[in-house]
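Numbering (this note's numbering), first residue to last: 26 to 410.
Where a beta carbon is used, it is the ideal one built from N, C-alpha and C, also for glycine.
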Amino acid sequence: MLHYPNSISSKLPKVGTTIFTVMSKLAQDYNAVNLSQGFPDFPVSEELIDLVYKHMKAGKNQYPPMAGVMALRETIAVKMEKAYGAKYDPEAEITITAGGTQAIFTAIMATVSEGDEVIIFTPAYDCYAPAVELAGGKPVYVQLKNSDYSIDWKQVKKVVSRHTKMILINTPHNPSGAIISEKDIQELIKITKDNDIIILSDEVYEHIVFDGEQHLSMAQYPELINRSLIVYSFGKTFHITGWKTGYIVGPENLMAEFRKVHQYNVFTANGPIQYAIADYMQNAENYLHISEQYQKRRNIFLSAVKASRFKLKPAKGTYFQLLDYSAISDEDDIDFAKRLTAEFKVASIPVSVFYHNPVQNHVLRFCFAKEEETLLRAGEILTKI
Ligand code: GLN
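Quick look at the structure:
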């Protein structure tokens, strides 16, 4: 086919197809157990599905308000107060989005300008840096500690400058499953004390934290809440990743800028789903016990791989578990992940792709948001390797 124009200068020359798409496709091609892309394989609540249907039948099929259905924004305000003691005005400080990724992209577009620096901790979820680059900003990478994926604050202090516009936080952390501690929060408070740095906090796994630990949100801290845009995802909380619905909260001045971009980016998010989730969230039981359910799944997976040669530290949050295969092979992780899929029929995500500089720790990420039998089948295979 002929192409016009003959040459386009790519705005993202180094970006290919996301690793999630690549590995899920490979899993399909080889009929492998797919623990790569993070999505649950168990059913969605019938009640929630019925509620979407109910609202469609009731005629809620045209554009909802630009910032989202008010009933849902009000419900979120209640949740933010109950969970984090934070007061958000549903009118001006909460916006419903077409998923977490759209919220992150729009937040970056709305606040980062040409030449601004954004601190990103690696390994980092793959959508952050491209958004910063498209906004004309410059990602500044700080590597998390190899031992436990905690933040190296000495490094952060070294790179913060008057050009720093934003620090991107992700807790619970994808891909490592680490969570930030009270000490991290205090460091963040110190570092942002005398400047205008914005915090963009990706907290989409807020309800998935294990072993009695607590998720710490930027919203809990008076010193941080007024400079933070915080992103959440119904996909993660209600196992509806394909419904692509999430939200962002933040102070009025930042939210006003966010909405200026949002209205021309997607204008608004799916209406019937918003009405349905607003009803469904009236019962807090529907989202408060998610950690327990996922902890069970994590533990099933951990015991299923216990006798294997993979080494691990149990994930503290998210629905991802890292496995270190250095006792099995010294192949790089992309090759090993591909071979594991093609030869052994278990698909995972190589963690090196989440780094800016090639870092080879010989670890793979496995998603345990799966039915027990899927996890046992994967465990059985991994134990034989
Ligand atoms: N968040 C999902 C993961 O980490 C992937 C979403 C996507 O495919 N873009 O696996």
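According to DSSP, is residue i part of a helix, a strand, or is it coil?
| i | result |
| --- | --- |
| A394 | coil |
| P164 | strand |
| A132 | helix |
| I74 | helix |
| K218 | coil |
| D236 | coil |
| N311 | helix |
| T189 | strand |
| F379 | helix |
| A203 | coil |
| L365 | helix |
| L241 | coil |
| I265 | coil |
| L249 | helix |
| G296 | helix |
| A117 | coil |
| H387 | coil |
| H80 | helix |
| L401 | helix |
| A92 | coil |
Residue i bridges to which residues according to DSSP?
| i | result |
| --- | --- |
| F345 | C392 |
| G271 | T122 and S258 |
| F146 | V167 |
| V58 | V371 |
| S226 | I194 and I255 |
| K336 | D349 |
Can the beta-carbon of residue i be found closer than 8 Å to that of residue j?
| i | j | result |
| --- | --- | --- |
| E277 | A92 | no |
| T196 | I222 | no |
| L389 | D358 | yes |
| F283 | T399 | no |
| I129 | Y272 | no |
| I233 | T136 | no |
| I216 | M243 | no |
| D227 | Y319 | no |
| I214 | L241 | no |
| L169 | P200 | no |
| P164 | V181 | no |
| K257 | E231 | A small fix is needed here, since residue 257 is Tyr in this sequence, not Lys. Going by C-beta atoms, Y257 is nearer than 8 Å to E231. |
| L348 | F391 | yes |
| Y300 | K85 | yes |
| G404 | A329 | yes |
| A123 | A294 | yes |
| N56 | K395 | no |
Would you say the beta carbon of residue i is closer than 7 Å to some non-hydrogen atom of the ligand GLN?
| i | result |
| --- | --- |
| F45 | yes |
| N59 | no |
| Q199 | The sequence as given places Asn at residue 199; Gln does not occur at that position. Yes, the Cβ of N199 comes within 7 Å of a heavy atom of the ligand GLN. |
| Q127 | no |
| G41 | no |
| G271 | no |
| Q62 | yes |
Would you decide whether residue i is buried or exposed? Buried here means 16 or more other CB atoms lie within 10 Å of its CB.
| i | result |
| --- | --- |
| H314 | exposed |
| S373 | buried |
| A83 | exposed |
| H28 | exposed |
| A203 | buried |
| I74 | exposed |
| N59 | buried |
| T100 | buried |
| K112 | exposed |
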